[in-house]
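Asks: Got a structure for you, written out below as structure tokens; questions coming shortly.
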Ligand SMILES: C[S@@+](CC[C@H](N)C(=O)[O-])C[C@H]1O[C@@H](n2cnc3c(N)ncnc32)[C@H](O)[C@@H]1O
Ligand code: SF4
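In our numbering, the protein residues as written are 47 to 539.
Set out below in structure tokens:
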């Protein structure tokens, strides 16, 4: 936020409140929107709508800079436009006027600001149009990103079955062995006491039973089961085994296509936990180096070594868990381009089935945000070149991109890209990102998302982040989740 240029923004006559999409694009372009006049602003941005005729209106954008120069741009909006279309037109006019006034570069994702560009690409595809063409012409994406996201949604559509009864189940264990400096996930340190871990497993078991009832009541089928967090493997051996038993005793794991455990931190994987996963039917696991440099691992507080990544990987390769994913982050503090390319090249030592390359997101709630001034980071241009290198490495590994999402405050306005060898694409990641399949969340901090039958709306329910709030209010929370799920499945009856 500190390096953003302040700009005074005022809007008139829009039929919808567009503050959020407009300020999101401004952040990507390097500006912070403020609504009060301030000595430190770089200029004033005025956005207004004027009706032109019955068929359309004109969205005008004007900038007055500090020397009094005025710049103008406009974009036509059809009369019956929905909120998304209004936002697109307002952003196009705004981007155009800011380019004239401040000479900013064309953003590679054009006027798209959301986390899930694939949802828009899919909507365009289902409307019978060519997403690559529409994304370039109407949303101003650079051609390579428009092609990337179009290819990804086509691949996802070919893999996902689209049966309304097929769902995903997510079980959240929001605890980790230590807190990583860059992380903004709502996780805590795993309490080591047996009493806590016992309580946690008991509560999750109760939660699982409530979900099993719903699944059988509505005749749903779990296509993918994902145990995430946090770091579920931060439970000790006894309670991790217990959690696996609870899952295999309650769900028909044999009928589930994909069962993933996020075992991200190699410092809490061992042969016992891998055996417990094998016995429970896990067939996909994540081991996440994030970087292949020990000095960075120390700097980011991950408390594991590069050697532990090799050891954990070797142990998993001896098991029958067939799909291994590895996560890397581009843009970690103190790392230059060569360091990141080295980490990517090291993936050729493993030949994992999946590789997910993230671009550092610097969020306010991460410890790194508070101290980021003390560190050096690669530039946006360098990060983008590292992503080009990532795609070459993925190709050498026999993988291609199958899922993509963006985050706010992301280095270089890039994207997180998941690569997979053919036939090993993570079903859960695709279901969760597309928001077309129901995802039922179990455990503290989990989210339940149920797409409405109209194909547009999403019913959502979030469990509290705090374990004691979750445990104390379990019955009411299970009822509210059941009500959310009923909004779709009761209607179908
Ligand atoms: C849900 S997190 C948890 C994974 C697991 N606990 C671990 O740390 O290995 C999934 C992935 O998101 C990525 N991630 C987390 N925080 C990030 C950030 N601030 N910027 C970019 N990527 C991030 C990391 O690559 C991480 O492996
Ligand atoms: S990155 Fe993973 S291990 Fe680190 S704090 Fe976040 S969730 Fe926990």
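Ideal Cβ positions, reconstructed from N, Cα and C, are used throughout, including at glycine.
My output table needs one value for residue 58: the three-state DSSP class, helix, strand or coil.
Replies: Looking at residue 58 - three-state DSSP - the assignment turns out to be strand.
Asks: Suppose contacts are defined by Cβ-Cβ distances below 7 angstroms. Is residue 279 in contact with residue 314 by that definition?
Replies: It is a contact, given that the beta carbons lie within the stated cut-off.
Asks: In this structure, does DSSP put residue 415 in helix, strand or coil?
Replies: Helix.
Asks: Around the Cβ of residue 58, are there at least 16 other Cβ atoms within 10 angstroms (buried) or fewer (exposed)?
Replies: Exposed, because fewer than 16 other Cβ atoms sit within 10 Å of the Cβ of residue 58.
Asks: Grouping DSSP H, G and I as helix and E and B as strand, with all else coil, what is residue 270?
Replies: Residue 270: strand per DSSP, three-state reduction.
Asks: Going by DSSP, name the residue or residues bridged to residue 109.
Replies: Note: residue 109 sits in a beta bridge opposite 91, 117.
Asks: Helix, strand or coil: which one does DSSP assign to residue 322?
Replies: Here residue 322 sits in helix by DSSP.
Asks: Inspect the beta-carbon positions of residue 530 and residue 513 and report whether they are closer than 7 angstroms.
Replies: Result no, Cβ atoms of residue 530 and residue 513 do not sit closer than 7 angstroms.
Asks: Going by DSSP in three states, residue 297 sits in which element: helix, strand or coil?
Replies: Residue 297 falls in the coil class under three-state DSSP.
Asks: Just to confirm my understanding: we take residue 122, look at its own chain, exclude 5 residues before and 5 after, and list those with CB closer than 8 angstroms. What are they?
Replies: Closer than 8 angstroms at the Cβ level, and outside the excluded window around residue 122, lie 98, 102, 103, 104, 105, 135.
Asks: As a quick check of your reading: which residues have a C-beta less than 5 angstroms from at least one non-hydrogen atom of ligand 3, in chain order?
Replies: For the structure depicted, ligand 3 is absent and the ligand set comprises only ligand 1 and ligand 2.
Asks: Whole-angstrom Cβ separation of residue 383 and residue 414, contact assumed at under 8 angstroms?
Replies: At roughly 20 angstroms, the Cβ-Cβ gap does not stay under 8 angstroms, so residue 383 and residue 414 are not in contact.
Asks: Answer yes or no: the CB of residue 222 versus the heavy atoms of ligand 2, is any distance below 6 angstroms?
Replies: Yes.
Asks: Can you find at least 3 beta carbon pairs, one from the stretch 482-495 and one from the stretch 462-472, that sit closer than 8 angstroms?
Replies: As far as the Cβ criterion goes, the stretch 482-495 does not touch the stretch 462-472, which means the pair count is below three.
Asks: Roughly how many angstroms lie between the CA atoms of residue 418 and residue 265, to the nearest whole one?
Replies: Approximately 50 angstroms between the Cα atoms of the pair.
Asks: Does the stretch 202-218 come into contact with the stretch 147-163, if we say contact requires no fewer than three beta-carbon pairs (one atom in each stretch) closer than 8 angstroms?
Replies: Segments in contact, no.
Asks: Taking residue 474 as part of the beta strand (DSSP E), name the residues at either end of that continuous run.
Replies: Per DSSP, residue 474 belongs to no beta strand (DSSP E); it is in the alpha helix (DSSP H), 473-480.
Asks: Measure the alpha-carbon distance for residue 319 versus residue 360 and round it to whole angstroms.
Replies: Taking the straight line joining both Cα atoms gives about 14 angstroms.
Asks: For residue 263 and residue 68, what's the separation of their Cα atoms in angstroms?
Replies: Straight-line Cα distance between these residues: approximately 43 angstroms.
Asks: Near residue 129, which residues of its chain fall below 7 angstroms by C-beta distance, leaving aside the five closest residues on each side in sequence?
Replies: So the list reads 62, once near-sequence residues are dropped.
Asks: Just confirm the distance between the C-beta atoms of residue 297 and residue 258, as a whole number of angstroms; I'd bet it's less than 8 angstroms.
Replies: So it is a contact: roughly 7 angstroms between Cβ atoms.
Asks: With DSSP run on the structure shown, which of helix, strand or coil describes residue 328?
Replies: In the structure shown, residue 328 sits in coil (DSSP, three-state: anything other than H, G, I, E or B).
Asks: Take the Cβ of residue 253 as the centre, count every other Cβ of all protein chains shown within 10 Å, and call the residue buried at 16 or more, exposed below.
Replies: Buried: at least 16 other Cβ atoms inside 10 Å.
Asks: Does the distance from the C-beta atom of residue 323 to that of residue 307 stay below 7 angstroms?
Replies: Going by C-beta atoms, residue 323 is nearer than 7 angstroms to residue 307.
Asks: Could you tell me which of 230, 79, 107, 289 sits nearest to residue 92, measuring between CA atoms?
Replies: Taking only the C-alpha atoms, the option nearest residue 92 is 107.
Asks: Residue 242 by DSSP, collapsed to three states: which one?
Replies: Note: residue 242 maps to helix in three-state DSSP.
Asks: Would you identify the three-state DSSP class for residue 508, choosing helix, strand or coil?
Replies: Strand.
Asks: For residue 471, is the classification buried or exposed, using 16 other Cβ atoms within 10 angstroms of its Cβ as the cut-off for buried?
Replies: By the 10 Å Cβ count, residue 471 comes out buried.
Asks: Per the DSSP calculation, residue 495 is bridged to which residue(s)?
Replies: DSSP lists 485, 506 as partners of residue 495.
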